[in-house]
Amino acid sequence: MESIPDNLAALRRTITDAAMAAGRAADSVKLIAVSKFQPVEAVEAAIAAGQKAFGENRVQEAAGKFIPLRAKYPDIELHLIGPLQTNKAETAVELFDVIQTLDRPKLAEALAKAIRKTGKSPRLYVEVNIGHESQKAGIAPEGLGEFLASCRVDHNLTVSGLMCIPPREGDPAPCFQRLKRLADEHDLPGVSMGMSADYPAAIRCGATEVRIGTAIFGGRPPA
Ligand SMILES: *Cc1c(COP(=O)(O)O)cnc(C)c1O
Numbered sequence: 019m020e021s022i023p024d025n026l027a028a029l030r031r032t033i034t035d036a037a038m039a040a041g042r043a044a045d046s047v048k049l050i051a052v053s054k055f056q057p058v059e060a061v062e063a064a065i066a067a068g069q070k071a072f073g074e075n076r077v078q079e080a081a082g083k084f085i086p087l088r089a090k091y092p093d094i095e096l097h098l099i100g101p102l103q104t105n106k107a108e109t110a111v112e113l114f115d116v117i118q119t120l121d122r123p124k125l126a127e128a129l130a131k132a133i134r135k136t137g138k139s140p141r142l143y144v145e146v147n148i149g150h151e152s153q154k155a156g157i158a159p160e161g162l163g164e165f166l167a168s169c170r171v172d173h174n175l176t177v178s179g180l181m182c183i184p185p186r187e188g189d190p191a192p193c194f195q196r197l198k199r200l201a202d203e204h205d206l207p208g209v210s211m212g213m214s215a216d217y218p219a220a221i222r223c224g225a226t227e228v229r230i231g232t233a234i235f236g237g238r239p240p241a
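Counting in the working numbering, the sequence shown runs from 19 upward without gaps.
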């Protein structure tokens, strides 16, 4: 826990360096601290060190930790970065500022309904299965245009970015470049890519948000 402020400071330096090296402004990259499986004390240590944006994978876990934290720290920003079941869409819409894992038509429909019902409007990112991996969630790159059109036309949803998790093996840079190109093609400003192991490469390829867990908080039990 005592190393969290140091880890954050080191990350911010690396993020700034990678952004500058790519000719980008340091503040064009947002650091999302991924706090899944981490205790509230660890989140509070990060908040004390100036961290504002957090990412969680599970709606239930996020609600347990962040509803109380939100009351205490109103300017926290919370991102959902894990898979979302349609029956939790309403809870997710009420809890998260950004939902990064819009990955199928049924979920678009459920989110649209939840947004109408609650009056909340979280920013939405579409998850893209950038490496065409059968075990991974996400819209296939070839189907993205059609899916975005359906979100807009059929569900009146505004999508503001794309998110991806590249294959575990191999160089992630081509995947990052592909996601950035897709975002540009569709005029989407948000590009969420890069984790502890590969965020400098993601920033060089145009990431606007990097999602970092272990490099801030240390290890966690396997999912
Ligand atoms: C867990 C997770 C992260 C953070 O991974 P680290 O390797 O710990 O930085 C980022 N994005 C998603 C979607 C995750 O599930």
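Ideal placement from N, C-alpha and C gives every residue a C-beta, glycine not left out.
Taking a contact as a CB-CB distance under 8 Å, the pair L200 and P159 counts as one, their CB atoms being some 6 Å apart. Note that the C-beta distance between V47 and I33 is below 7 Å. In this structure, G179 places its C-beta atom within 7 Å of the C-beta atom of L206.
M38 and N105 have their C-alpha atoms some 43 Å from each other. In this structure, F55 is the residue among T232, A67, F55, G68 with its C-alpha nearest to the C-alpha of K83.
Looking at the backbone, the Cα of P23 and that of V171 are separated by about 45 Å. Cβ-Cβ distances below 6 Å link L129 to A107 in the same chain, with the five nearest sequence neighbours on each side left out; the list follows chain order.
The DSSP-derived three-state label of L102 is coil. When the alpha-carbon of L96 is set against those of L113, T109, A89, the nearest one is in L113. A check of alpha carbon separations from Q69 across I230, A215, G208 identifies I230 as the nearest.
For the options D45, F72, R30, the alpha carbon positioned closest to that of P57 is the one of F72.
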